[in-house]
Every structure is written in C-alpha cells, then in structure tokens.
Amino acid sequence: MRHDAHYVEELTQATTTHVGRMLPIDKLDPNPDQPRTEIGDLTELTSSIREKGVLEPLLVKPMTAGRWMIIAGERRWRAASAAGLQDVPCIEMDVDESGVAEIALIENMQRKDLTPWEEADGLRALCERFGYTHEEVARKVGKSRSTVTEALSIAAIPQEIRNICRESEITSKSLLLQIVRQPDDESMRTMAEQIGTEGLTRDGARKARKAYIDPTGASEPYVYRYEAPGREFKVEVKFKKPNISAEELFEALNAAAQNIDEAI
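This is how it looks when you write it as structure tokens:
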C-alpha cells in the first residue's frame, strides 16, 4: 500500500483555478465547519512568518461579495495577520461543500500535533461522511492501516468514559487503547478511573487489564474488538494466543471477510 501524504496537493492540482494568487487578509474568512477545534499557540509561527513570509499557500474557495473562505491554512492566516502582513499567497479552488469538508479533514489529519481524540474523531468523520475504508483513509492521510484501526477503536469509546478520561487528563494513546480493549463499558470505566487515580503507565494498565480479566494471572487469549461509531454492530476476533501482530490481525479480518458469502 502507498501511504500518500500529498493527497491534498494532488486534489489541489486537479481542481485549481488560480495558483499563487495573493489575496488581502481582510477578505478571507475561516471555515465555520473547520474540524480543528483549537488553534493553539501561534507565537512561533507568527515569528517565522514575520521573518520569512507565508511559505505554504492557503487553500481557499471563492464566495460572494469578493470574499474567500479558507479551506486549509487558518493558522497561517491568523499568524500572518498577527505578523502585520496585508496579503497572503492562496490557491483558489472550485470545490463543492463536500469537497471543502474532505480537504479540511484530510489536511487536519496530516498535522503532527494531533491529540489522540482529534485523530480518532477526524478519521471516523472521514469514514462516516465519505464512506472510506480503513485502507483508503490510510492512503489519503499518510498513516498506516494499523494506526487508522487503532484510532477508530478509540473513537468508539462511549462519551461517559471519554468524559472520565478528559477529567483525569488521560491523553496517552497507549493508555486509551488499554481502556478500549476492556471487554465491556463497566470495565472500561473502571480502568479509566484507576488510571486517573493511580497514575498508571501503559505497562501498569496492561497488568491491571490482565488482572481484571483473569485474576489467576494466566495469559488470556488476545481479543480484538471494534464497535461501529453508531453502535449498530460490534466485531470481535478472538485468538488462541495472548500476543499477535497487526499483520496477523489484518489476515484474520481478511479471512473472515472472504467467508461472508458462505455465512449469509
């Protein structure tokens, strides 16, 4: 599989009407449906733009009354404004509402400072809104299939348990994966509360999970569980051994998929 981190650039080339056009900062508006919920600290970016200018053009969509909506690049726009620039380089794109949402989501997913929650919810949005498979999403955002699968499992954590995680400041992806691998909601809640109160590490959470499932300390078979975002269905794959690789999991899921016609 090819991990294409330049999908947005490819899409830009296919739909561009103007390239390298300078537009007034005060004629640009942020996307009201921007998937990024927090802009973050702009100090370093503002300093860099003040010294070197905006090196990467913003992606914009022409609107009415001589204004443009920012599809991708809102942080650069805000930092450029803070740096005192009057104009910024833009790539004007002729895309519909669905295209705007897709580009914004994919561009957001290619950031390096995503929190596990942002990654999980963004990838789930791509799957739900555009019907992409895990492999298609992986190619478009430049991530491995295993990363996408893990993130989507985190996205399935019930809201009540999400709230516990946020209140306890549980932001480690490895810890969230230990939580979501619990057999049911109640044990997920218990694990989240235990991590929050005892400050468990990933290894500590693993031991706690094993002790909860099997108090005797015996190694339990590995179980992969996935629940659809809307909770319409659950998938469970149980292995005979306690530890497996991502490749073994993919092989098992593919084998199951190939037997669907026989099962229905």
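Sequential numbering of the sequence shown, starting at 827, is according to my numbering. Quick reminder that beta carbons are idealized off the backbone N, C-alpha and C, glycines included. All values derive from a computational prediction rather than experimental measurement.
Taking the alpha-carbon positions, what's the residue i to residue j distance?
i: Asp920; j: Lys1064; result: 48 Å
i: Gln860; j: Thr872; result: 21 Å
i: Ala964; j: Glu1012; result: 31 Å
i: Ala898; j: Pro1047; result: 45 Å
i: Pro858; j: Val926; result: 11 Å
i: Lys966; j: His960; result: 10 Å
i: Lys969; j: Leu911; result: 34 Å
i: Ile996; j: Ala930; result: 27 Å
i: Leu884; j: Asn1085; result: 47 Å
i: Phe956; j: Glu928; result: 8 Å
i: Ala1081; j: Glu1074; result: 11 Å
i: Gln1020; j: Thr890; result: 53 Å
i: Gln985; j: Arg1015; result: 11 Å
i: Lys878; j: Ala908; result: 14 Å
i: Lys1060; j: Ala1054; result: 6 Å
i: Met848; j: Asp939; result: 28 Å
i: Glu1024; j: Glu882; result: 45 Å
i: Ser775; j: Pro888; result: Beyond the ends of the chain as shown, which are 827 and 1090, falls residue 775; an answer cannot be given.
i: Glu962; j: Ala1083; result: 17 Å
i: Pro1068; j: Gln1004; result: 14 Å
i: Val1049; j: Glu944; result: 25 Å
i: Arg937; j: Lys1066; result: 38 Å
i: Glu870; j: Ile1070; result: 42 Å
i: Ile1002; j: Glu954; result: Reading the sequence as shown, one finds Leu at residue 1002 and not Ile. Taking the straight line joining both Cα atoms gives about 22 Å.
i: Tyr958; j: Thr975; result: 13 Å
Taking 7 Å as the cut-off, decide whether the C-beta atoms of residue i and residue j are in contact.
i: Ile932; j: Ala906; result: no
i: Ile980; j: Pro1009; result: no
i: Arg904; j: Leu854; result: no
i: Val914; j: Ile865; result: no
i: Ala977; j: Leu952; result: no
i: Gly1022; j: Ser1000; result: no
i: Val1006; j: Ile983; result: yes
i: Ser972; j: Ala1078; result: no
i: Glu900; j: Pro856; result: yes
i: Arg1051; j: Glu1062; result: yes
i: Ala1018; j: Ile987; result: yes
i: Arg902; j: Val886; result: no
i: Asn817; j: Arg992; result: Here the chain comprises residues numbered 827 to 1090, so residue 817 is not present and cannot be evaluated.
DSSP on residue i, reduced to helix/strand/coil?
i: Glu1062; result: strand
i: Leu1079; result: helix
i: Met1014; result: helix
i: Leu854; result: strand
i: Lys1067; result: coil
i: Arg1051; result: strand
i: Val880; result: coil
i: Leu871; result: helix
Between residue i and chain C, is there a C-beta pair that is closer than 7 Å?
i: Gly899; result: As a matter of chain content, chain C is missing from the structure shown, which is built from one protein chain.
Should residue i be listed as close to the ligand NAP, given that the test is whether its C-beta is under 6 Å from any heavy atom?
i: Met935; result: Questions concerning the ligand NAP fall outside what the structure shown contains, since it holds no ligand whatsoever.
Practice task
Counting only runs of 4+ residues fully inside the region 892 to 946, write out the alpha helix (DSSP H) ranges in chain order.
Solution key: Here the runs fully enclosed are 900 to 908 and 923 to 935.
Exercise for the section: Give, in chain order, every unbroken run of the alpha helix (DSSP H) that is at least 4 residues long and sits entirely within the region 945 to 1002. Expected result: Within the region 945 to 1002, the complete alpha helix (DSSP H) runs of at least 4 residues are 960 to 967, 971 to 981 and 985 to 993.
Problem - Sufficient close CB pairs (3 or more, under 8 Å) joining the region 894 to 903 to the region 912 to 927 - result: Enough Cβ pairs lie closer than 8 Å, so yes.
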